[in-house]
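Data first, discussion second: the structure below is written as structure tokens.
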Amino acid sequence: MQLLKSDILPLIEKAVEALGVDSGLVERMLQASTEHTWPPACDLSLPCFQFAKTLNMAPAAIAERLSKEIPEHEAIHEITAVNGFLNITASSSWLADHVLNQRTPHRSDERREVLIEHTSANPNGPFHVGRARNAILGDTLVRLHRLWGDEVTAEYYVDDMGKQVAVLAWALENMSEEEVESLLKDRDPINPQWAQKADHQRVRWYQAAQLRRKESPDATAIEAAIGTLVHASENGDQGVLDSFERAYKPVLDGMLETLGRLGIHYDRFTKESVFVTNGDVAELMNELGQLEINGVADNGAQYLDLGQRGLKGKTEFFYRRGDGSSLYATRDIAYHRWKWTQCNELINVLGEDHRLQAKQVGLTLEELGERRPEVMFYSFIKLPEGKMSTRRGNVVFMDDLLEEAKAHATDVLKERRPDLDDETMAHIAEAVGTSAVRFNIISVSPEKGFTFRWEDALSFEAGSAPFIMYSHTRACSIRRKVRDVDPSYLDQTFQGEGPTDEMPYGLVQLLRTLAVHDDQLSRVVREHRPNLFANYMLQLSMAYNMFYRDCYVIDHGEVNPFFFAVSERARTALRAGMDALGIVALESM
RNA sequence: GGGCGUGUAGCACAGCUGGAUAAUGCACCGGCCUCCUAAGCCGGAGAUCGCGGGUUCGAAUCCUGCCACGCCCGCCA
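Our numbering runs 1174 ahead of the 1-based position in the first sequence.
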């Protein structure tokens, strides 16, 4: 709890010095050490073990002595010595004052312009759950940074010149619908609900072409035709690039429609081919060729020997083919140099399969005198049956998942809220369904393996998005009730002291949880760990529920202005935090 | 074979810049709707933190060896 720490640190340092130890350690050791239990046992804690040797005293005795040395302070409710720890609990009225008046520590001093690149999936078919982790994590990171006050650009890097797009373009030009459907006759047919959606339509051409490339008698000729297209695109052939764009654009639009349903939007789309056609890639390859770690292969291909810069394993990083054309990673470096002209903080969201390449790109950027971007890696989402693949067709489409989630939410609603009309019910079900899907994914650490299970994705119980949404609607409901009693309460800001006597347990827990909000958000943004904020939002909801249990804002028709002020503060914090996680903040559900 | 990542109750998952009784949810057992939404609240039970060594007053956390799983090791994208 930085708030409390900065206030009372001098007091503690003075007491420690009086004992005869160097107080320089205190700043680092005074910590909110009780984060591992919830609710926390105290607000700040000082472990006294390190002082034991120099003082030749037992830690418990040191803690005991310190607890008596520290004078009274308005922020401190209680200081106790427990098992060699000096435990400090904040005064509730001090907490209330700081929380209600938003006396939070200042945030980032300089304005940060952050560019976050995420999703960047090949536009070859509908968005599926396997890709969802990138988009959901990335978008959540964007939102969290915005909550923290950073200026953020969310960017999608469009792979408009690779083999996957070439396959799609070739298929659309060379295969008939009959042929496609006959090749895919063993697979599930297109879901009639999405029959008019271009991503669902065109992915069948893509899948059929992938089969033909591998299995048909003319596979070699097809492969050659596609190879020619890829080659032309890499050389910046505008006619080919245009035909690629005509092929993928409707697919990309379909994917974006799906993502939009999850609240995911982008500020900018940058096409990979741009860096080929504008000459950046050629210039880059020239520069790389001048580097001292540059090497040339027998056929004229060029690479950097990154072993000299600490890379282990395979150390040769090829950036130029024997025929002089660029590679995907080369273009990525050109893209990164451009990105650095657009921001002062760069974050990429990448799958774990990109770890090596990200390292190569990062080292090369440093070699060129640029900074390396920060990267949030995540491991892939699997199905219980194994890895997902658009090519093989064993995927759960996000469109289907969202429909399923909505249908499930509707079932729950019909049971709990039979009073609602169809339109309201559909609105709530959509919000609950999409929020639950997002939360299911962001609440686990990105680097941990994730197996998609319907029963988890559709869980609406405690520990899920609807749990948080429900707490928020309670706060909204209380606000409505207060307005009914006397609308003037809504315009008032709470003035003066809170109650000076003992506050109810739930109220204290809520104040403490609100007080650590910025500590949590700061860490989450700094370390790119959205799951920790998901956890915090659950704690905030739990704390609000405890407050709701212990404190009646409206009691016997009378409004308690202090309780109402706390409830409102919690409501706005819930609301803002939900926005940052992409959870829809309904006023009633 | 080499590099990187992960391993925590029956299941899922947090905690990893060392600190107290390892948090949370599901499932399981018991209680709470004449009072602001019970998608809620309260209580109970459940853990050899993959295994072995080491460092330390103190290790889930740091170091090291081993095991299991995943990803990568293309002049592919």
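For glycine and all other residues, C-beta sits at the position ideal for the given N, C-alpha and C. Small disclaimer: the values here were computed from a predicted structure and weren't measured.
Item to check | Inter-residue Cα distance where the pair is TRP1212 and LEU1714 | outcome: 11 Å
Item to check | Straight-line Cα distance separating ILE1507 from VAL1448 | outcome: 13 Å
Checklist entry - Going by other Cβ atoms of all chains shown within 10 Å of its Cβ, with 16 needed for buried, is ARG1686 buried or exposed? => result buried
Item to check | Cβ-based neighbour list, ALA1295, same chain, cut-off 6 Å, excluding 5 preceding and 5 following | outcome: ARG1305
Checklist entry - Is the stretch 1483-1500 touching the stretch 1530-1547, taking contact as three or more C-beta pairs under 8 Å? => result yes
Checklist entry - What separation, rounded to the nearest whole angstrom, lies between the Cα atoms of VAL1618 and ASN1705? => result 5 Å
Checklist entry - Any idea if TRP1322 is buried or exposed, counting beta-carbon neighbours within 10 angstroms, 16 or more meaning buried? => result buried
Next on the checklist: Quick check on GLN1534: does DSSP put it in helix, strand or coil?
Outcome noted: helix
Next on the checklist: Quick check: what's the CA-CA separation for SER1741 versus LEU1712?
Outcome noted: 16 Å
Next on the checklist: Please identify the residue among SER1609, SER1553, VAL1288 whose C-alpha is closest to the C-alpha of PHE1634.
Outcome noted: SER1609
Checklist entry - From ASN1298 to LEU1346, what distance separates their C-alpha atoms? => result 12 Å
Next on the checklist: Short of 6 Å in beta carbon distance, which residues of its chain neighbour LYS1580, apart from the five on each side in sequence? Order them along the chain.
Outcome noted: ALA1603, GLU1604, GLY1607
Checklist entry - Does DSSP put GLY1428 in a helix, a strand or coil? => result helix
Item to check | Reference VAL1520, options GLU1329, PRO1221, ASP1196, closest by Cα | outcome: It should be pointed out that residue 1520 corresponds to Leu in this sequence rather than to Val. Of the listed residues, the one whose Cα sits closest to LEU1520 is GLU1329.
Item to check | Beta-carbon spacing of CYS1650, GLU1548 below 8 Å | outcome: no
Checklist entry - Taking Cβ positions, are GLU1541 and ARG1483 nearer each other than 8 Å? => result yes
Checklist entry - Given a threshold of 16 other Cβ atoms within 10 Å of its Cβ, counted over all protein chains shown, does ASP1324 qualify as buried or as exposed? => result buried
Checklist entry - Sorted by chain position, which residues of the same chain lie with C-beta nearer than 7 Å to TRP1344's C-beta, five sequence neighbours on each side aside? => result ALA1383, ALA1399, ILE1400, LEU1403
Item to check | Coil, strand or helix - PRO1221 by DSSP | outcome: strand
Checklist entry - Just to confirm, are LYS1179 and LEU1218 a CB contact at a threshold of 8 Å? => result yes
Item to check | Pair within 8 Å by beta-carbon distance, ARG1565 and ARG1653 | outcome: no
Next on the checklist: So, for LEU1199: in the same chain, excluding its five sequence neighbours on each side, which residues have a beta-carbon less than 7 Å away from its beta-carbon?
Outcome noted: GLN1224
Item to check | Cβ distance (whole Å) where LEU1269 is taken to contact ALA1189 below 8 Å | outcome: Contact doesn't hold; Cβ gap of about 22 Å is too wide.
Next on the checklist: Relative to the C-alpha of ASP1271, which candidate in PHE1737, ALA1754, GLY1756 has its C-alpha closest?
Outcome noted: PHE1737
Checklist entry - CB ASP1675 to CB VAL1733, shorter than 8 Å? => result no
Item to check | Residues near ALA1778 by beta carbon distance below 7 Å, same chain, minus five either side | outcome: The question about residue 1778 has no answer, for the chain in this structure spans 1175 to 1763.
Next on the checklist: Do LEU1436 and GLY1756 have their beta-carbon atoms positioned less than 8 Å apart in this structure?
Outcome noted: yes
Next on the checklist: Between GLN1669, MET1643, GLN1666, which has its C-alpha nearest ALA1708's C-alpha?
Outcome noted: MET1643
Item to check | Length at least 4, wholly inside the stretch 1515-1580: the alpha helix (DSSP H) runs in chain order | outcome: 1529-1541
Item to check | Best match in GLN1694, LEU1684, ASP1693, ASP1692 for proximity to ASN1719 [C-alpha to C-alpha] | outcome: LEU1684
Checklist entry - So what does DSSP say about SER1741, is it helix, strand or coil? => result helix
Checklist entry - At a cut of 8 Å, does the stretch 1385-1395 reach the stretch 1421-1437 through at least three beta carbon pairs? => result no
Checklist entry - Quick one: what's got a C-beta closer than 8 Å to ASP1753's C-beta in the same chain, skipping five residues either side? => result ARG1317, LEU1321, ALA1759
Checklist entry - So the beta strand (DSSP E) GLN1476 belongs to, where does it begin and stop? => result 1476-1479
Next on the checklist: For PRO1558, tell me which candidate among ASP1595, PHE1626, LEU1501 has the shortest Cα-Cα distance.
Outcome noted: PHE1626
Item to check | Which residues DSSP lists as bridging LEU1260, in chain order | outcome: LEU1220, ALA1255
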